[in-house]
Ligand SMILES: [Mn+2]
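In my numbering, the protein residues as written are 8 to 470.
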């Protein structure tokens with residue numbers, strides 16, 4: 008490949024010097040002898056001559072040139088150079104660099120094209136600038152913690168974006184599980200997220216705010232900001248997040264990028280900027296974090312998310328992500344499910360199933376969801392005993408029905424309950440459930456639920 012770069016200044020040379028080494032030979036043609044000298048001194052291949060004289064180009068042998076690039080400020084000069092080049096070589100491909108769109112003249116010359124400088128700048132420089140910025144951020148992050156223990160605190164029900172970000176932060180710090188544990192005041196509950204931490208071998212510890220401050224440990228928050236937490240956190244060392252800053256907070260270091268679809272994107276940029284190749288495990292976690300937070304790059308994502316996704320993709324384990332997204336059910340739970348189905352009774356479109364003792368909590372909402380596929384079912388109510396807690400999941404097909412309200416009325420006084428119109432959940436300690444209802448059974452749950460659903464339906468019908 009041979010480029011001919013025609014320019015008034017050495018700016019184009021600085022722009023293209025890397026390209027030359029990587030993909031093509033570039034011959035620079037300038038008018039000013041001083042500019043030619045500067046380019047030559049810096050190792051460029053340069054000719055000097057009158058840009059409007061035929062003989063200048065004849066010496067260059069245009070038929071060897073694959074691509075001519077014209078970068079001159081004066082529009083008139085630019086047009087005359089282009090015309091001259093076209094007269095000398097009918098098949099020469101010419102690109103004109105222009106500062107704005109208005110400069111693009113109508114032309115039926117198919118081998119003549121225009122490139123907008125802002126576009127070029129973006130393509131070549133934007134990632135570079137971002138890398139410089141990100142490198143500075145990483146330096147700062149690495150300087151924050153010294154030898155102290157660092158807790159990486161996530162939201163109450165940690166999601167893949169938070170988990171991926173936490174792993175990346177630990178990696179950036181060159182730390183391990185013991186010195187930099189990932190913690191939450193709550194716990195991971197979603198089945199896919201549980202599958203993620205199991206398959207990627209991620210440990211997330213439950214912690215109290217007392218323990219958080221023991222022995223002067225440091226505190227880093229990813230994918231969440233201090234005001235999210237009910238209790239004051241004390242000194243926060245780091246916050247990296249993509250949510251909007253709703254309430255002001257203080258932190259020694261904060262990087263909030265609300266235009267980004269995921270915090271994992273920010274961490275991917277950090278890694279890329281410092282030339283750190285992610286391990287398969289880390290890449291998989293980050294990729295899955297971006298994927299879930301942006302609904303596969305559709306919701307609130309931008310170019311940065313797409314770039315991060317593209318960067319991570321070759322490193323990640325795609326088969327593992329498929330397994331995370333479709334967690335397998337344990338055999339015993341499947342059997343419990345089968346038994347429950349054979350007992351299924353329908354009252355006024357309400358299907359109630361009590362599965363008894365089960366291992367995996369996520370089977371319960373899955374089963375409630377499944378009930379809605381049975382003919383005539385409008386409400387699916389599924390309960391199970393998970394260790395010493397009664398878990399009840401409700402789904403319905405209606406639009407005016409309020410699953411969340413009903414569950415709150417029935418169970419919020421003895422446990423935690425909530426949800427929205429078509430989807431709700433209650434978790435009640437076994438002993439408290441027994442105190443109120445006597446026993447845990449299909450019968451008890453059905454009676455309580457049916458009454459409430461009937462009431463609610465009448466209300467809706469009248470209201
Ligand atoms: Mn997020």
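Ideal placement from N, C-alpha and C gives every residue a C-beta, glycine not left out.
Within 8 Å, strictly: CB atoms of residue i and residue j
i	j	result
residue 414	residue 401	yes
residue 100	residue 84	no
residue 244	residue 229	no
residue 37	residue 55	yes
residue 297	residue 315	yes
residue 358	residue 323	no
residue 137	residue 274	no
residue 276	residue 141	yes
residue 220	residue 191	no
residue 67	residue 11	yes
residue 156	residue 224	yes
residue 319	residue 294	yes
residue 206	residue 327	yes
residue 250	residue 272	no
residue 395	residue 337	no
residue 460	residue 443	no
residue 48	residue 69	no
residue 13	residue 59	no
residue 5	residue 180	There is simply no residue 5 to check, as the chain begins at 8 and stops at 470 in what is shown.
residue 267	residue 217	no
Nearest-angstrom Cβ-Cβ length linking residue i and residue j, presumed shorter than 8 Å
i	j	result
residue 363	residue 391	7 Å
residue 343	residue 365	5 Å
residue 160	residue 201	Actually they do not touch by this definition, with Cβ atoms about 19 Å apart.
residue 53	residue 35	4 Å
residue 195	residue 239	About 24 Å; that fails the 8 Å criterion.
residue 262	residue 144	6 Å
residue 74	residue 103	Residue 74 to residue 103, Cβ: 12 Å. No contact.
residue 457	residue 354	6 Å
residue 317	residue 168	The pair is not a contact, with the Cβ atoms about 17 Å apart (cut-off 8 Å).
Exposed unless 16 or more other CB atoms sit within 10 angstroms - verdict on residue i
i	result
residue 270	buried
residue 183	exposed
residue 210	exposed
residue 170	buried
residue 106	exposed
residue 470	Residue placement at residue 470 is flagged as unreliable, the pLDDT there being 46, under the threshold of 50; the coordinate-derived value follows with that caveat. By the neighbour-count rule (16 or more Cβ atoms within 10 Å), residue 470 is not buried but exposed.
residue 178	buried
residue 17	buried
residue 162	buried
residue 126	exposed
residue 403	buried
residue 71	exposed
residue 352	exposed
residue 139	exposed
residue 361	buried
residue 185	exposed
residue 8	exposed
residue 287	exposed
residue 369	buried
Whole-angstrom distance between residue j and residue i, CA atom to CA atom
i	j	result
residue 312	residue 158	26 Å
residue 198	residue 151	35 Å
residue 23	residue 46	12 Å
residue 416	residue 329	38 Å
residue 430	residue 377	13 Å
residue 411	residue 356	18 Å
residue 255	residue 399	38 Å
residue 92	residue 64	8 Å
residue 375	residue 386	8 Å
residue 440	residue 453	14 Å
residue 40	residue 15	10 Å
residue 462	residue 432	19 Å
residue 153	residue 242	16 Å
residue 397	residue 447	8 Å
residue 450	residue 428	24 Å
residue 1	residue 246	Nothing about residue 1 can be read from this structure; the chain reaches only from 8 to 470.
residue 471	residue 419	The shown model of the chain, from 8 to 470, leaves out residue 471, and the question about it has no answer.
residue 82	residue 42	20 Å
residue 204	residue 301	20 Å
residue 367	residue 347	15 Å
residue 426	residue 231	22 Å
Residue i - partner residues in DSSP beta bridges
i	result
residue 103	77, 121
residue 213	191
residue 222	None; residue 222 has no bridge partner.
residue 52	34
residue 426	431
residue 547	There is no way to answer for residue 547, as the model of the chain reaches only from 8 to 470.
residue 227	159, 245
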